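Structure record follows, encoded as structure tokens.
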Amino acid sequence: MTDFKKISKDVFKIMWLPGEDEIIFHANNESPLPLNTELYKQLNKYFDIENWKNKYAEAYKEWLNDISNVIYDIRNDINMSIIDALTALNKELEFQVIYYWFDIDRTFTDGYLWEYCPISGEKLIYLGEEYTRKNSLISPSYPIIFPYEPQ
105 MTDFKKISKD
115 VFKIMWLPGE
125 DEIIFHANNE
135 SPLPLNTELY
145 KQLNKYFDIE
155 NWKNKYAEAY
165 KEWLNDISNV
175 IYDIRNDINM
185 SIIDALTALN
195 KELEFQVIYY
205 WFDIDRTFTD
215 GYLWEYCPIS
225 GEKLIYLGEE
235 YTRKNSLISP
245 SYPIIFPYEP
255 Q
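The sequence shown begins at 105 in our numbering and counts up one residue at a time.
Pasting the structure below:
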């Protein structure tokens with residue numbers, strides 16, 4: 105995984121938001137990356153972005169209607185498909201790194217504090233104060249970024 109002390113890379117995150125077309129955001133300030141940028145084109149080589157957005161939107165509606173909560177299952181295909189695509193894409197990127205933003209359902213677990221990657225079990229890496237708390241923990245082995253919400 106990237107050593108942020110030695111290599112200066114622009115850090116981005118993937119996050120689906122209702123009503124938004126963009127899914128790639130700067131991790132340090134939350135600003136969206138325009139759809140016509142090269143990163144979207146590169147991601148689309150590994151992953152059908154529009155298809156994923158549609159599937160995620162459907163899963164989100166199912167969560168809102170208390171039908172399913174698969175969006176909060178990291179091992180569900182909706183989440184793993186983008187994690188797998190980012191793993192491959194990040195190997196190609198020289199000046200950027202992209203993570204998939206993931207969190208638990210805060211409706212029921214408001215005070216939860218991420219410490220370990222839910223896939224590998226490894227301790228998460230804190231990116232530092234220059235990143236918003238929403239985007240400040242990363243997995244050492246997977247392209248996943250988590251919120252840091254200390255009590």
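Beta carbons: idealized from backbone N, C-alpha and C, even for Gly. From a predicted model like this one, the values you see are computed outputs, not experimental measurements.
Listed as beta-bridge partners of Ile-242 by DSSP are Ile-229 and Ile-249. Between Glu-219 and Leu-228 a beta carbon distance of about 6 Å is seen, short of the 8 Å cut, so the two are scored as contacting. Beta-bridge pairing by DSSP links Trp-218 to no other residue. Of the candidates Ser-135, Pro-122, Ile-127 and Leu-147, Leu-147 places its Cα closest to the Cα of Thr-191. In this structure Phe-129 is not in contact with Leu-139, their Cβ atoms being roughly 12 Å apart against a cut-off of 8 Å. Less than 8 Å separates the beta-carbon of Asn-194 from that of Pro-247.
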